[in-house]
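Heads up, the thing below is written out as structure tokens.
Number of protein chains: 6
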Amino acid sequence: MAKIVTLGEIMLRLSTRANTRILQTDDFYATYGGGEANVAVSLSNYGHEAYFVSKVPTHEVGQAAINSLRRYGVHTEFVSRGGDRLGIYYLETGASCRPSKVIYDRSHSSFSEATPQDFNFAEIFQGATWFHWSGITPALSDETAACLREALKVARQMGVTVSCDLNYRSKLWSPEKAQSVMRPLMEYVDVCIGNEEDAQMCLGFKPDADVQAGQTDADGYKNIFCQMQKEFGFRYVVSTLRESYSATRNGWKAMIFDGEQFCKSRCYDLNPIIDRVGAGDSFAAGIIHGIISGMSLPDTLEFAVSASALKHTIHGDVNLCSVEEVMALAKGNGNGRVVR
Amino acid sequence: MAKIVTLGEIMLRLSTRANTRILQTDDFYATYGGGEANVAVSLSNYGHEAYFVSKVPTHEVGQAAINSLRRYGVHTEFVSRGGDRLGIYYLETGASCRPSKVIYDRSHSSFSEATPQDFNFAEIFQGATWFHWSGITPALSDETAACLREALKVARQMGVTVSCDLNYRSKLWSPEKAQSVMRPLMEYVDVCIGNEEDAQMCLGFKPDADVQAGQTDADGYKNIFCQMQKEFGFRYVVSTLRESYSATRNGWKAMIFDGEQFCKSRCYDLNPIIDRVGAGDSFAAGIIHGIISGMSLPDTLEFAVSASALKHTIHGDVNLCSVEEVMALAKGNGNGRVVR
Amino acid sequence: MAKIVTLGEIMLRLSTRANTRILQTDDFYATYGGGEANVAVSLSNYGHEAYFVSKVPTHEVGQAAINSLRRYGVHTEFVSRGGDRLGIYYLETGASCRPSKVIYDRSHSSFSEATPQDFNFAEIFQGATWFHWSGITPALSDETAACLREALKVARQMGVTVSCDLNYRSKLWSPEKAQSVMRPLMEYVDVCIGNEEDAQMCLGFKPDADVQAGQTDADGYKNIFCQMQKEFGFRYVVSTLRESYSATRNGWKAMIFDGEQFCKSRCYDLNPIIDRVGAGDSFAAGIIHGIISGMSLPDTLEFAVSASALKHTIHGDVNLCSVEEVMALAKGNGNGRVVR
Amino acid sequence: MAKIVTLGEIMLRLSTRANTRILQTDDFYATYGGGEANVAVSLSNYGHEAYFVSKVPTHEVGQAAINSLRRYGVHTEFVSRGGDRLGIYYLETGASCRPSKVIYDRSHSSFSEATPQDFNFAEIFQGATWFHWSGITPALSDETAACLREALKVARQMGVTVSCDLNYRSKLWSPEKAQSVMRPLMEYVDVCIGNEEDAQMCLGFKPDADVQAGQTDADGYKNIFCQMQKEFGFRYVVSTLRESYSATRNGWKAMIFDGEQFCKSRCYDLNPIIDRVGAGDSFAAGIIHGIISGMSLPDTLEFAVSASALKHTIHGDVNLCSVEEVMALAKGNGNGRVVR
Amino acid sequence: MAKIVTLGEIMLRLSTRANTRILQTDDFYATYGGGEANVAVSLSNYGHEAYFVSKVPTHEVGQAAINSLRRYGVHTEFVSRGGDRLGIYYLETGASCRPSKVIYDRSHSSFSEATPQDFNFAEIFQGATWFHWSGITPALSDETAACLREALKVARQMGVTVSCDLNYRSKLWSPEKAQSVMRPLMEYVDVCIGNEEDAQMCLGFKPDADVQAGQTDADGYKNIFCQMQKEFGFRYVVSTLRESYSATRNGWKAMIFDGEQFCKSRCYDLNPIIDRVGAGDSFAAGIIHGIISGMSLPDTLEFAVSASALKHTIHGDVNLCSVEEVMALAKGNGNGRVVR
Amino acid sequence: MAKIVTLGEIMLRLSTRANTRILQTDDFYATYGGGEANVAVSLSNYGHEAYFVSKVPTHEVGQAAINSLRRYGVHTEFVSRGGDRLGIYYLETGASCRPSKVIYDRSHSSFSEATPQDFNFAEIFQGATWFHWSGITPALSDETAACLREALKVARQMGVTVSCDLNYRSKLWSPEKAQSVMRPLMEYVDVCIGNEEDAQMCLGFKPDADVQAGQTDADGYKNIFCQMQKEFGFRYVVSTLRESYSATRNGWKAMIFDGEQFCKSRCYDLNPIIDRVGAGDSFAAGIIHGIISGMSLPDTLEFAVSASALKHTIHGDVNLCSVEEVMALAKGNGNGRVVR
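Top line first, the protein sequences correspond to chains A, B, C, D, E and F. Per the working numbering, the first sequence runs over residues 2 to 341. Per the working numbering, the second sequence runs over residues 2 to 341. Per the working numbering, the third sequence runs over residues 2 to 341. Per the working numbering, the fourth sequence runs over residues 2 to 341. Per the working numbering, the fifth sequence runs over residues 2 to 341. Per the working numbering, the sixth sequence runs over residues 2 to 341.
Structural data, given as structure tokens:
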């Protein structure tokens with residue numbers, strides 16, 4: 002299998018259990034996650050040699066973050082140690098008409114203050130096939146944007162394929178700032194992943210459909226995919242499409258465009274949703290796996306959307322599914338009969 | 002914001018977790034609640050100075066009940082201490098076709114044996130805007146009915162607005178006894194809240210619609226509201242309407258009548274229900290907040306029904322929601338997108 | 002009430018909680034169950050004198066298995082002690098599009114190595130009305146098949162009615178082996194219970210309907226029931242019919258045939274399913290109770306399907322419901338209103 | 002083994018976990034216990050046919066109390082059903098210099114309002130060898146005292162040996178009331194168990210030693226044992242002796258007198274104490290087992306004190322130990338090496 | 002009782018349960034605490050009107066910190082809202098030879114960035130008797146030192162008594178910085194509390210005894226107390242003295258000096274220690290309560306040391322004890338007999 | 002650091018929490034461990050490249066065992082997959098006078114049925130410095146003994162140092178069988194670790210001291226060490242010495258002999274013991290680390306005994322301690338002051 006590198010932040014996630022509210026809990030379920038770390042775990046579960054690159058404090062909480070990745074086979078020898086703190090986010094899982102709530106406490110984290118000196122990218126990319134990053138990494142700080150730029154340059158030199166999940170975060174930067182940073186980075190990107198909001202905020206593309214208002218006709222996206230592909234030369238443009246009915250029930254599908262073919266996936270009726278955080282990351286990992294494995298365009302898309310449908314049923318940021326399980330759903334009828 | 006007083010019993014609630022049955026648990030989740038206490042917590046969460054008046058034992062379990070209210074900002078200095086025990090109720094939360102089950106163990110509680118000497122209502126109502134009580138309070142014992150009568154007289158003298166949630170409990174009294182006690186008390190009531198069963202059992206009004214049989218057309222209630230308003234001179238008559246599909250899924254809406262205008266609310270499809278105990282109390286608190294805040298009649302109703310829709314998603318008797326959260330649901334589309 | 006005997010294996014069940022995956026848990030919820038043990042618990046809950054016959058190790062885990070049955074009133078004095086281990090199964094409960102997963106670790110269990118010398122069936126069946134077993138018992142080993150044959154002979158001699166739940170398990174034997182063992186045992190059976198897969202694998206009958214493909218028209222089963230009744234002389238042929246929409250939502254109904262009358266039950270929409278393991282056993286117990294109690298054919302069927310609908314809402318293998326609760330659902334509308 | 006009957010109250014025990022205080026917990030560990038019930042469980046664990054006689058409510062909490070006894074093999078068919086409530090006690094386990102705290106909420110329980118009509122003692126004592134009761138039973142109410150008197154008369158007529166654990170409870174009655182009730186009942190008692198406080202409060206005997214002040218020389222008790230034996234004709238007088246160093250560490254020993262021989266046991270240094278509630282009951286059960294089994298006087302005493310030393314290490318009211326485990330401690334050196 | 006004000010930081014404390022290590026937990030027990038907040042809770046438990054002054058974020062975690070104080074009766078209306086984050090500390094409780102470990106993550110907290118504009122001290126001290134602060138407050142930042150200076154000036158003007166717990170924290174500042182800030186603040190202090198390390202690091206006084214090396218003779222402290230009293234004019238100088246035998250067992254005593262009388266307390270053998278965090282704060286609160294209540298010097302000291310001995314047995318930062326419980330230990334023998 | 006290989010079985014450990022008994026739990030704490038796996042984790046924690054070699058089933062429970070090792074950095078690429086089951090052991094942790102209890106359910110495990118074909122030892126030992134095994138591995142089956150023999154031969158050829166922890170298990174083999182297998186394997190061993198019982202049962206050496214009887218004078222062991230060293234040519238002979246006072250309190254020390262120097266370690270008073278399983282393994286790992294790191298003989302011994310003293314305070318089989326933590330205890334006074 003392939004060597005794949007991801008670069009980003011890993012945070013301590015403190016979530017309440019069983020739909021309790023932060024105001025009533027005296028118990029936080031502690032897991033660790035972050036966009037690029039989540040992608041690395043999925044890819045390791047699919048049998049790849051996944052390497053996560055980041056920076057965490059030397060203390061035990063930093064070590065616990067590393068251990069959470071090693072547990073699932075991710076290689077962590079390029080995680081730099083030092084800095085002040087591990088970023089945190091609090092998660093309160095909603096239900097029915099009550100939305101989930103995320104409170105970020107990630108400022109001043111070790112990774113957000115990392116500099117290019119923390120990483121030897123020539124060594125890191127030795128033998129690598131793929132590099133994945135998300136828009137969160139350059140949004141964290143000018144320093145992390147510099148690290149990313151350095152990584153992209155080295156990756157380009159070493160012939161590594163690059164995927165980017167745009168992943169716009171309004172708490173981290175404004176659309177103006179995002180576009181000024183992200184648009185120049187697109188020249189390094191082969192596979193661009195992002196939903197309609199991401200494309201608009203990070204790249205300045207406005208989708209025709211109005212998703213907030215519930216219009217989620219996949220075909221409305223074909224046009225914008227073409228424009229994106231034309232402007233930046235992406236080999237693949239990919240997007241998920243979420244239909245929110247309640248905090249517990251969503252529709253979930255996706256689209257991919259390779260410059261020629263535009264595919265729409267099957268739509269999953271996710272009910273109940275156990276944990277939707279990290280669904281986008283599990284989708285990105287599915288796309289990467291499909292492409293690396295030489296799947297057809299529709300098969301790649303179905304693999305990715307099925308992988309991320311399963312993610313909605315799993316606690317924590319990371320998608321604990323094997324290729325076999327994803328395939329069983331992608332090829333099957335999803336009727337949920339017990340596997341004995 | 003306003004000073005609001007509520008009078009009633011607070012109980013220890015022992016509930017099983019995660020849909021386990023009483024017969025299989027060795028662990029009870031302990032919270033504290035009761036109709037009027039629940040209303041006080043909601044109102045405190047909305048920024049009011051809420052005072053809960055009751056009587057609890059001097060021991061630690063009584064203190065824990067008080068602490069559960071202080072935690073959410075309710076003033077408890079008028080809770081009398083003494084008597085033998087804190088009332089208890091056991092709750093087993095159902096699922097799907099299995100209904101939830103409540104076992105009461107509330108006889109001989111400190112509050113049920115309280116007398117008017119336990120409370121100085123002139124001091125309690127000093128500066129108060131509103132007094133709320135439910136039909137449970139006079140149902141507990143002749144002593145608590147006497148306390149309530151005394152409170153109502155003083156409230157009337159001091160110009161305090163009075164709301165009553167009829168809240169019929171067949172385990173506590175018969176319809177005959179209920180009507181003989183409740184009907185005379187209605188002269189003190191400005192805002193009367195109750196569903197169809199309450200109106201029939203406590204006041205002797207029979208709704209046209211047959212709710213048990215699933216007929217829940219809101220319009221069928223207009224006539225009875227008029228009659229109630231005419232007989233007792235209520236400023237507002239209010240009712241919720243629950244459509245039970247299963248222990249996990251309900252429809253939920255409400256109606257209000259101010260003598261002139263009859264409003265029906267939007268209907269919420271609650272699925273899954275996390276905990277429906279206290280939904281009526283959270284509704285009553287929403288009505289009180291709407292009226293005190295000078296909202297329009299429809300806005301008051303939508304605020305209240307949205308507040309109580311949210312309550313169905315929250316563990317415990319009390320509704321841990323802010324005005325902002327209730328508003329976001331009342332004004333929004335309830336699609337449950339993550340709040341970051 | 003009646004004395005009823007069941008013979009089979011009881012296992013330690015190690016299940017993850019709250020939809021967590023085995024890969025992420027450090028906590029197993031430990032209960033004990035097995036087809037025939039589950040039937041015994043249901044029947045004890047209905048007021049019968051239920052006796053479970055098996056063999057478990059002398060150590061504390063074996064004792065805990067016995068205690069789990071005594072707790073619900075099952076008589077365990079005929080459980081033999083000895084052998085090496087208690088069989089185990091791991092259960093990971095799915096959700097939505099992710100199916101539940103069962104991992105068996107039951108080889109070399111004490112019961113699977115039991116021999117007829119471990120049981121004195123003449124003493125065991127003294128005064129008994131009914132004997133129930135499932136296809137799992139003879140599938141475990143040639144030794145358990147021998148025990149069962151001995152039990153059936155003695156039961157026949159002593160005039161005990163016999164019910165069998167075919168319960169095919171592909172991990173335990175092939176269809177060929179199953180049919181070679183099961184078909185000869187059918188001569189002892191009065192009541193044959195099994196779904197379409199069981200009938201095919203254990204007895205060689207192929208249903209007309211294609212259940213995997215979602216065709217679950219009850220009428221399609223009438224023909225096969227007639228054939229089964231004709232060939233083996235069963236007094237009753239009974240089957241459940243599960244429509245799987247997802248791991249969380251199923252349809253559930255059943256059919257019975259007494260040689261003359263063919264009845265179809267109401268269909269339950271089970272959503273959410275808390276725990277579907279043991280649903281078939283709770284159905285079998287319902288059929289046995291209905292017949293012993295002299296209910297009519299349709300009432301027997303409705304009792305059994307209602308009992309097993311309730312089982313889907315209860316954690317663990319065993320169905321913790323009283324006759325009153327089952328009746329309330331069978332006679333009611335299943336709207337899930339709180340029982341106070 | 003022998004048929005042994007005990008009569009008394011069983012309560013729901015709500016205890017905090019891991020030394021948390023009632024004021025900070027939202028979780029109660031629920032077990033069931035009571036003096037005579039605890040004795041029955043110990044005796045069942047030792048292989049006897051133990052019958053517990055009591056009255057509990059018909060609801061699920063009453064049933065759960067019964068199930069807690071059946072689980073350990075105690076026969077419960079003579080437990081009457083009805084009445085209002087199951088008595089409760091709250092337990093907060095101390096540590097170091099902080100004492101454990103018990104809050105009783107047992108008034109108006111079903112058993113405390115039971116009458117002789119609830120029990121058919123002639124049937125209950127059929128074939129019984131032994132009857133055990135404690136001073137709590139007659140202290141609960143005049144009704145329970147009447148039940149006990151009836152039981153003792155029938156037991157006497159049927160030649161059943163009677164043991165009594167004096168068990169004085171200052172929350173239930175005064176020394177005067179206790180003596181007026183208990184002294185006449187002593188004529189029925191063969192084996193009298195109680196510590197120095199019990200003997201003083203229930204029977205009016207003042208020990209020479211001052212235990213509160215830490216004087217716990219066993220020999221000081223010989224004189225009082227003689228007097229008790231002389232006055233009431235007891236076959237055995239037995240007492241435990243606790244030296245309290247802290248909530249976590251106690252010394253524990255016992256004495257027995259059969260009218261001729263006076264034996265003192267080995268002293269156990271209990272550190273840490275996991276749960277000391279029910280230690281006296283486990284001791285009483287040990288004495289009963291020793292006598293019934295025909296052990297020598299010293300062996301009986303060592304068995305009982307060793308059994309109750311083990312109880313201090315076990316959560317809950319009941320002593321989950323086998324004869325083999327008690328013997329291993331009584332005969333061994335208590336060095337705590339792992340048993341593999 | 003008195004109105005007492007404390008000023009400082011409150012943090013979220015994330016601790017592992019039951020001696021697990023951070024590296025192995027997926028569950029943090031969440032409580033809230035901080036030196037001055039802990040003092041406020043103790044004083045509220047003793048019946049005083051305690052006001053905690055601080056600044057926390059507007060989000061739910063900030064609100065939860067406030068609620069944790071309101072629960073125990075502390076007034077929080079002067080807690081300013083805003084800023085970025087709530088400080089956090091991770092706690093891993095040791096055992097035996099393994100020490101407890103604290104990891105701080107408190108930089109950039111809302112309180113550490115608070116300014117005098119956040120607080121109206123003239124309003125805050127209206128009617129107040131006492132003001133308590135610790136050396137942590139000025140150590141957090143120059144801004145908090147400025148807030149404290151402002152508070153001290155206003156307190157002085159309004160005749161409020163001031164106590165200070167020196168509480169040196171090497172992670173927050175150097176001895177040089179500490180002394181340059183703390184020494185000038187001593188002019189406002191009436192009651193100075195601190196152990197030997199605090200006196201040395203914050204004020205530059207070197208104790209004669211070598212505590213790390215285990216020399217903890219209380220008399221060795223008399224001389225240094227005299228010097229401190231002379232230099233700064235303290236009304237009382239107070240210190241605790243901890244003898245560490247292991248993470249589980251400590252000796253604990255204290256000394257007080259009022260310029261004339263030098264008292265030593267009884268020494269408590271704390272074994273096991275449940276949670277020693279906040280022991281110093283519970284001691285300070287005991288001293289304040291003793292002085293305000295007009296206890297004698299020795300009684301004040303014994304009250305305080307007994308209160309803090311109890312704290313070692315209670316989970317969390319705050320001391321959940323009543324005056325009665327503290328008195329029972331101070332006056333009693335600490336033998337830990339069950340309180341029924 | 003060094004590459005170190007260990008070969009053995011890893012089991013699922015199901016332990017009760019907080020001193021509960023197996024008979025009363027419905028919850029097992031699931032961890033994974035085994036002698037050689039535990040050594041590998043310790044060595045990885047010390048910075049070495051530790052490789053664990055074994056065989057586990059392909060299902061999720063087998064994967065979870067692997068993940069438990071990867072989490073702490075152990076390399077698992079040489080773990081073969083297949084076979085029927087993962088071995089299990091149940092652990093009930095004792096307290097005070099109640100001993101801990103282990104129930105093994107390890108027969109027929111994947112590893113016990115592994116054959117030399119499952120492992121390519123030439124590849125495994127490539128670049129390795131050290132190979133560690135315990136007496137459990139050859140005791141499991143003739144097949145595992147064959148695997149071990151093959152490993153030892155290859156290790157010898159490749160110049161790898163070999164350590165053996167004798168680890169006699171009476172449940173697995175008799176002393177006769179043990180000696181017939183173990184003695185010939187000693188020719189490959191450089192470092193022999195084992196307590197007095199191991200030396201006697203596995204090698205036939207009878208210690209002079211009688212440990213069961215409490216005679217644990219270290220000097221009594223010098224003679225036997227000399228004999229062992231002489232007969233088998235060990236470079237080091239090492240032993241721990243446990244003094245059992247209770248299940249909660251032990252003394253713990255060790256001895257080492259290098260053919261010339263005989264060293265005794267400091268003795269640790271372990272109180273309370275949190276979890277003593279794996280203490281011997283943590284000791285062995287300490288010895289290996291000391292020797293590889295070039296520590297002096299006494300420093301090696303103190304490092305190992307300090308590491309294993311810490312293990313007694315940590316839940317689970319594996320020792321989660323860093324070199325720094327072990328050093329801090331070995332060099333310090335163990336007084337347990339909080340590390341901030």
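We put the beta carbon where it would ideally sit given N, CA and C, even for glycine.
Check, Outcome
"What residues match up with E/Tyr-105 in a beta bridge as DSSP calls it?", "E/Tyr-90"
"Compute the distance between the beta-carbons of A/Thr-162 and A/Leu-149, then report whether it is under 9 Å.", "no"
"Helix, strand or coil: which one does DSSP assign to C/Cys-165?", "strand"
"Here's a check: name, in chain order, each residue in its chain whose Cβ is nearer than 7 Å to the Cβ of C/Glu-303, leaving out the five neighbours to either side.", "Ser-266, Arg-267 and Ala-331"
"Spatial neighbours of F/His-290 within its chain, please: CB distance less than 7 Å, with the 5 preceding and 5 following residues excluded, ordered by chain position.", "Leu-44, Tyr-47 and Phe-304"
"Which residue comes first and which comes last in the alpha helix (DSSP H) that contains A/Ser-135?", "First-last for A/Ser-135: 131 to 135, but that is the beta strand (DSSP E), not the alpha helix (DSSP H)."
"Considering only their Cβ atoms, is the gap separating C/Val-182 from C/Ser-164 smaller than 9 Å?", "no"
"Checking 9 Å against the spacing of the C-beta atoms, do F/Pro-100 and F/Ala-248 come in under that value?", "yes"
"Can you tell me which residues form a DSSP beta bridge with E/Asp-28?", "A/Tyr-30"
"Find out if the Cβ-Cβ distance for the pair F/Ile-89, F/Thr-77 is shorter than 9 Å.", "no"
"Between B/His-109 and D/Thr-59, what straight-line distance do the alpha-carbon atoms span, to the nearest angstrom?", "19 Å"
"In this structure, does DSSP put D/Gly-287 in helix, strand or coil?", "helix"
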